[in-house]
């Protein structure tokens with residue numbers, strides 16, 4: 001046996017999680033087809049952070065890249081999780097919403113342009129409070145405007161996860177792709193513990209958190225569509241598939257009755273464990289799309 | 001929050017490329033390195049950690065003792081150590097020398 005064949009895949013694979021937001025976004029595109037819009041050299045920084053003693057970032061933590069994926073037009077919008085927890089502020093929110101709106105404009109004009117949201121974010125940037133909340137509202141309405149014309153794909157790779165206002169953007173997107181390392185939830189574990197007590201949710205219990213918010217559980221419950229390995233090539237292939245996919249006749253966020261019924265049907269007299277919840281929800285998919 | 005500026009008029013070699021390296025994460029920084037618009041090199045630092053002007057000066061004195069490019073350097077810093085600063089600068093130099 002030669003030596004190369006003994007090296008397992010996870011050693012030779014190119015990690016997606018280990019690179020920054022910009023490199024992640026770039027890696028999704030066909031080689032040589034992409035360009036960055038409103039990049040760091042344009043220095044569109046947050047005007048609010050320096051006023052509060054926080055160093056801003058030249059791209060405000062939001063990277064917009066336009067190009068081709070599998071030969072089709074696409075725009076990737078990545079939030080950089082290492083800068084202020086990937087939080088969404090006035091500038092980063094405006095970049096995101098504007099990119100989505102341009103994709104909608106192109107798609108309506110006949111050039112279908114899919115959008116990929118790479119969300120590593122705790123949600124609204126607290127330092128920009130109301131402007132961040134307004135940004136979330138804008139992003140959601142921009143996603144809803146694009147969704148009937150081209151796929152909006154949310155990719156949550158980890159390890160920050162996707163929480164707060166931006167989890168709503170993930171919720172309304174056409175498809176959600178996650179890794180096992182990724183987490184998706186409205187309230188982050190610390191917030192739940194703080195609000196409801198440690199008996200309700202112990203934010204230091206990593207196994208518990210991942211069993212509830214983790215990619216495997218989210219895909220298992222049908223709240224996300226694909227579970228991918230932390231492998232840049234595999235993620236690229238999965239995203240390409242969704243970029244080329246047909247538009248859905250109905251979206252998860254429109255299946256209000258289905259989810260309401262599922263929640264009503266839960267027996268809350270005892271602690272529900274994640275595995276049985278997954279099984280239960282998968283058994284009640286009648287009427288739902290997934 | 002502090003704004004620090006340095007000039008290195010002796011750095012005169014013409015530069016044509018630009019580079020962007022790093023993220024403003026805790027203990028890290030980002031640097032933009034572009035061709036200078038005027039004579040010599042100019043450095044602007046925005047840092048969230050106050051009181052380290054002398055450390056910054058020492059890092060840049062050392063950097064410009066080896067590097068002579070007429071560059072415009074802009075830095076956003078969230079507490080990078082002098083070692084990390086030098087590393088980021090060297091990464092940027094690597095990009096503009098490619």
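Chains as they are written, first to last, in UniProt numbering: chain F, 1 to 290; chain L, 1 to 98.
Ideal Cβ positions, reconstructed from N, Cα and C, are used throughout, including at glycine.
Computed from a predicted model, the values in this text were never measured in an experiment.
9 Å Cβ cutoff, residue i in contact with chain L
i: residue 40 of chain F; result: yes
i: residue 20 of chain F; result: yes
i: residue 288 of chain F; result: In this prediction, residue 288 of chain F has a pLDDT of 36, which is less than 50 and means its spatial position is unreliable; nothing more can be read from the coordinates.
i: residue 285 of chain F; result: In this prediction, residue 285 of chain F has a pLDDT of 48, which is less than 50 and means its spatial position is unreliable; what the coordinates show is noted afterwards. No, residue 285 of chain F does not count as interfacial toward chain L.
is_contact[residue i, chain F] using C-beta, thresh 9 Å
i: residue 81 of chain L; result: no
i: residue 88 of chain L; result: no
i: residue 7 of chain L; result: no
i: residue 68 of chain L; result: no
i: residue 30 of chain L; result: yes
i: residue 78 of chain L; result: yes
i: residue 62 of chain L; result: no
Nearest-angstrom Cα separation, counted from residue j out to residue i
i: residue 288 of chain F; j: residue 17 of chain F; result: Per-residue confidence for residue 288 of chain F stands at a pLDDT of 36, beneath the threshold of 50, marking its modelled position as unreliable; no derived number is given.
i: residue 234 of chain F; j: residue 226 of chain F; result: 11 Å
i: residue 64 of chain F; j: residue 267 of chain F; result: 44 Å
i: residue 7 of chain F; j: residue 162 of chain F; result: 33 Å
i: residue 229 of chain F; j: residue 64 of chain L; result: 44 Å
i: residue 334 of chain F; j: residue 232 of chain F; result: In the structure as shown, chain F begins at 1 and stops at 290. Residue 334 of chain F is therefore absent and cannot be evaluated.
i: residue 142 of chain F; j: residue 31 of chain L; result: 32 Å
i: residue 142 of chain L; j: residue 56 of chain F; result: Absent from the structure is residue 142 of chain L, since the part of chain L shown begins at 1 and ends at 98.
i: residue 91 of chain F; j: residue 223 of chain F; result: 29 Å
i: residue 117 of chain F; j: residue 11 of chain L; result: 42 Å
i: residue 211 of chain F; j: residue 278 of chain F; result: 10 Å
i: residue 107 of chain L; j: residue 258 of chain F; result: Lying before the first or after the last residue shown, residue 107 of chain L is absent from chain L, which here runs from 1 to 98.
i: residue 286 of chain F; j: residue 48 of chain F; result: With a pLDDT of 43 at residue 286 of chain F, under the threshold of 50, the predicted position of this residue should be treated as unreliable, and no value is reported.
i: residue 35 of chain F; j: residue 66 of chain F; result: 6 Å
i: residue 26 of chain F; j: residue 249 of chain F; result: 30 Å
i: residue 290 of chain F; j: residue 59 of chain L; result: Unreliable placement is indicated for residue 290 of chain F, whose pLDDT of 40 sits below 50; no coordinate value is reported for it.
Neighbour-count burial assignment, residue i, 16 or more Cβ in a 10 Å radius
i: residue 243 of chain F; result: buried
i: residue 51 of chain F; result: exposed
i: residue 282 of chain F; result: exposed
i: residue 119 of chain F; result: buried
i: residue 194 of chain F; result: exposed
is_contact[residue i, chain B] using C-beta, thresh 9 Å
i: residue 34 of chain L; result: The structure shown contains no chain B; the protein chains it does contain are F and L.
Against chain L, which members of the segment 68–84 of chain F pass a CB distance test of less than 9 Å? Going along the segment 68–84 of chain F in chain order, one finds 80, 81, 82, 83, 84 with a Cβ nearer than 9 Å to chain L.
Residues within the segment 27–61 of chain F neighbouring chain L, beta-carbon criterion of under 7 Å: For the segment 27–61 of chain F, residues whose beta-carbon sits nearer than 7 Å to a beta-carbon of chain L comprise 40, 41, 50, 53, 54, 55, 56, 57, 58.
Taking any Cβ of chain F, which residues in the segment 13–27 of chain L have a Cβ under 9 Å from it, in chain order? So the list reads 18, 20, 22, 23, 24, 25, 26, given in the order they occur along the chain.
Output needed in chain order: residues of the segment 42–60 of chain L with a Cβ under 8 Å from some Cβ in chain F. For the segment 42–60 of chain L, the set of residues with a beta-carbon nearer than 8 Å to any beta-carbon of chain F comprises 46, 47, 48, in chain order.
Start-end ranges of the beta strand (DSSP E) lying completely within the segment 130–174 of chain F, minimum 3 residues: Entirely contained in the segment 130–174 of chain F, the beta strand (DSSP E) runs reaching 3 residues are, in chain order, 152–156.
List in chain order: all unbroken alpha helix (DSSP H) runs of 4+ residues lying wholly within the segment 32–72 of chain L. 53–66, all fully within the segment 32–72 of chain L.
Identify every run of the beta strand (DSSP E) within the segment 60–108 of chain F, keeping only runs that are complete inside it and at least 3 residues long; order them along the chain. Correct list: 62–69, 72–79.
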